[in-house]
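Asker: Letter by letter, the sequence shown follows residues 32 to 480 in my numbering. Backbone N, C-alpha and C define an ideal beta-carbon position, used for all residues, glycine too. Remember, it's a predicted structure, so these values are computed and weren't measured experimentally.
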Amino acid sequence: MFLASDAPAATKPAYVVVPNAVGASASIGRGIVGTTLSTLNQYHSLLLRRPLDQGLLVDGELQSFIWDSVLQHFTIVDEQSIDLLFTLPIGTPEAVSEQWVSALMLGFRFRSVTIVSSSFLALVGAEVLHGTPTTGTGIVVDCGFSGCTITPYVAYRPMRSSIGRTLVGGKLLTNCLKETLSFSQMNLLEDTWIVNCIKESCCRVAEEGGPLSLQRMLKAASRKRARDDADDVASPTAAVGGPLVYALPTVPAAMPAGCIAQPQQLKGCFRDAQTVKVAHESFIIPEVLFSPCDVGLDSSLGVVEVYQHVVCSERTLLAQLSLVSPSVCRNTVVFGGTSNLPGFVSRFQKDVTADSCQSLIAGAPVVRSTAVEGDVPSISSVLGAASSRSIKHRTQELLPLVGIKALMTATSGHLAGLRSDMQQRGGVVVKGTPKQALESFQKAVSRLL
């Protein structure tokens with residue numbers, strides 16, 4: 032959600048990143064929301080309610096409650112001076128549109144409302160970061176919480192008939208890790224937040240897929256475990272390492288969600304702490320993104336398989352347009368929280384490049400993301416904010432924010448034209464009757480960029 036108002040920039044933060052969820056805990060209480068949810072001193076047995084499920088709104092009242100906390104963070108008293116822009120997935124059903132209109136009309140009185148897809152904003156943000164030609168042509172891979180969506184764009188227009196989606200995302204990875212650790216070591220079924228932190232700190236994507244590659248990593252991890260080298264540094268980005276030891280929050284105030292324990296600390300300050308070992312789970316769990324059948328999801332495709340279907344299947348419009356397909360496939364933008372896993376972008380590019388159907392395309396695809404090191408400007412420098420740990424670990428998630436800032440701050444030229452097109456296609460009538468609002472919302476969804 033992006034808010035634009037007439038207030039001076041110095042009187043409000045440039046942006047705020049908050050979980051789209053409401054928490055409840057026996058030790059703290061209910062209604063934990065906004066920045067408070069990210070700064071608790073106790074995450075044990077924290078329960079979360081989310082207004083969205085698989086990217087679709089299921090609880091409008093809960094979403095309004097979260098929006099209200101965001102407005103309070105920006106010290107906005109009267110929302111009638113606010114232009115609201117929020118993202119929706121392309122192809123939102125009509126039943127969900129009614130919930131969105133209800134949340135917008137009953138709870139708030141925004142000056143204007145515009146809807147757009149996060150994929151479109153990520154495409155613009157990638158062009159701004161990488162300085163690529165502003166053609167608006169490419170494939171956008173959104174690896175999010177509920178699943179992965181792959182959307183091809185031609186001249187900033189989504190090819191709706193060629194969009195692919197799989198319900199394999201960060202939520203599934205967290206649940207798989209939670210069940211695995213609870214079965215083998217310690218009951219963590221009620222500690223979803225802590226397990227999610229373990230996933231983000233310890234998991235990494237293997238350089239190559241297939242049973243032989245995973246077996247080599249398992250054997251290497253076993254050899255390193257047997258050596259028990261005291262000088263080893265536990266690092267989630269190591270190519271092949273021994274089991275990472277994660278210290279659970281025994282002293283909540285000191286480390287609310289726990290942290291990776293270094294070998295020296297296990298003999299010192301963490302000697303009596305509760306710990307879990309993350310060995311082969313660190314690369315077996317992320318492998319579900321590429322092979323969902325490993326956890327019994329035989330009907331779901333991996334992210335690379337969905338990409339192949341979008342590009343190569345004869346049923347998609349993109350595969351039929353032989354003149355357009357090569358230019359689209361050469362520019363692939365990857366974003367989303369799940370793509371923050373170390374090694375994901377390089378593995379995705381390797382698997383896509385090795386695909387046999389890429390022989391139909393002149394030249395290998397170029398996968399772009401904020402995770403690629405080089406001369407790409409940092410997210411914090413583009414957003415004009417001081418670098419922090421939250422920004423450093425959320426570079427992939429904040430790519431759409433770079434796109435919307437570039438669009439909303441443009442005074443003329445190409446980006447200003449895109450902004451006008453976005454507002455015209457995604458504008459919603461909010462000052463009429465509920466029926467008029469619903470009709471304009473559904474029309475905006477059908478024309479969503």
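1. Less than 8 Å between the beta carbons of LEU154 and VAL364, yes or no?
2. What do you get for ASP84, buried or exposed, if any count of 16 or more other CB atoms within 10 angstroms of its CB means buried?
3. Taking the C-alpha atoms as reference points, what is the distance between PRO280 and GLU470?
4. For ASP382, which of VAL127, ASN371, PRO120 and LEU320 has the nearest alpha-carbon?
5. Our contact map puts SER128 next to VAL476 with C-beta atoms below 8 Å; I'd like the distance itself, whole angstroms only.
6. Quick check on LEU449: buried or exposed, where buried means 16 or more other Cβ atoms within 10 Å of its Cβ?
7. Just confirm the distance between the C-beta atoms of GLY5 and ILE146, as a whole number of angstroms; I'd bet it's less than 8 Å.
8. Would you kindly work out how many angstroms separate the C-alpha atoms of LEU479 and ALA292, rounded to a whole number?
9. Excluding sequence positions up to five away, which residues of its chain have a Cβ less than 8 Å from the Cβ of PRO124?
10. Would GLY169 be called buried (16 or more neighbouring beta carbons within 10 Å of its own) or exposed?
11. In this structure, does DSSP put THR180 in helix, strand or coil?
12. For SER112, is the classification buried or exposed, using 16 other Cβ atoms within 10 angstroms of its Cβ as the cut-off for buried?
13. Mind checking GLY201: buried by the 16 CB within 10 Å criterion, or exposed?
14. Would you check whether the ligand NAD has a heavy atom nearer than 7 Å to the C-beta of LEU429?
15. Can you check DSSP and say which residues form a bridge with ALA278?
16. Looking at the strands, I want to know which residues DSSP matches up with ASP452.
17. For VAL30, does the three-state DSSP call read helix, strand or coil?
18. Which class does ILE170 belong to by DSSP, given the choice of helix, strand or coil?
19. Would you tell me roughly how many angstroms separate the C-alpha atoms of LEU79 and SER69, rounded to the nearest one?
20. If you check the beta carbons only, do PRO274 and LYS308 fall under 8 Å apart?
21. What is the DSSP secondary structure of ARG140, counted as helix, strand or coil?
22. Between which two residues does the beta strand (DSSP E) containing GLY507 stretch?
Answerer: With the structure as the only source:
1. The residue labelled residue 154 in the question sits at position 123 within the sequence shown. The residue labelled residue 364 in the question sits at position 333 within the sequence shown. A Cβ-Cβ contact shorter than 8 Å links LEU154 with VAL364.
2. As a position in the sequence shown, residue 84 is number 53, starting the count at 1. Per the 10 Å Cβ criterion, exposed.
3. Locating residue 280 in the sequence shown gives position 249, counting from the first residue. Locating residue 470 in the sequence shown gives position 439, counting from the first residue. Linking PRO280 to GLU470 through their CA atoms gives a straight-line distance of about 50 Å.
4. Taking the sequence shown and counting its residues from 1, the one referred to as residue 382 is at position 351. Measuring from the Cα of ASP382, the nearest candidate turns out to be LEU320.
5. Working through the sequence shown from its first residue, we reach residue 128 at position 97. Working through the sequence shown from its first residue, we reach residue 476 at position 445. That belief holds up - the Cβ atoms of SER128 and VAL476 are roughly 6 Å apart, short of 8 Å.
6. Residue numbering aside, residue 449 sits at position 418 when the sequence shown is read from its first letter. Buried, since its Cβ has 16 or more Cβ neighbours within 10 Å.
7. Since the first and last residues shown for the chain are 32 and 480, residue 5 lies out of range.
8. Within the sequence shown, numbered from 1, the residue matching residue 479 stands at position 448. Within the sequence shown, numbered from 1, the residue matching residue 292 stands at position 261. Each residue's Cα considered, the two are about 46 Å apart.
9. Indexing the sequence shown from 1 puts residue 124 at position 93. Answer for PRO124: LEU87, listed in chain order.
10. Numbered from 1 along the sequence shown, position 138 holds the residue referred to as residue 169. That one is buried.
11. Within the sequence shown, the letter at position 149 stands for residue 180. THR180 sits in a strand when the DSSP states are folded into three classes.
12. By one-based count along the sequence shown, residue 112 stands at place 81. Exposed, because fewer than 16 other Cβ atoms sit within 10 Å of the Cβ of SER112.
13. Here residue 201 is taken as the residue at index 170 of the sequence shown, counted from 1. By the neighbour-count rule (16 or more Cβ atoms within 10 Å), GLY201 is buried.
14. With respect to the ligand NAD, the structure shown offers nothing to examine, as it has no ligands at all.
15. Translated into the one-based positions of the sequence shown, residue 278 becomes position 247. Bridge partners of ALA278: CYS290 and THR306.
16. Along the sequence shown, read from residue 1 onward, the residue named residue 452 stands at position 421. The partner list for ASP452 (beta bridge, DSSP) is empty, contrary to what the question assumes.
17. There is simply no residue 30 to check, as the chain begins at 32 and stops at 480 in what is shown.
18. The residue given as residue 170 occupies position 139 in the sequence shown. Correct three-state label for ILE170: strand.
19. For the purposes of this step, residue 79 is taken as the residue at position 48 of the sequence shown. For the purposes of this step, residue 69 is taken as the residue at position 38 of the sequence shown. Whole-angstrom Cα-Cα distance: 12 Å.
20. On the sequence shown, position 243 is the one that residue 274 refers to. On the sequence shown, position 277 is the one that residue 308 refers to. Result yes, Cβ atoms of PRO274 and LYS308 sit closer than 8 Å.
21. Within the sequence shown, numbered from 1, the residue matching residue 140 stands at position 109. In this structure, ARG140 counts as coil in the three-state DSSP scheme.
22. No answer is possible for residue 507: it lies beyond the span of the chain, which begins at 32 and ends at 480.
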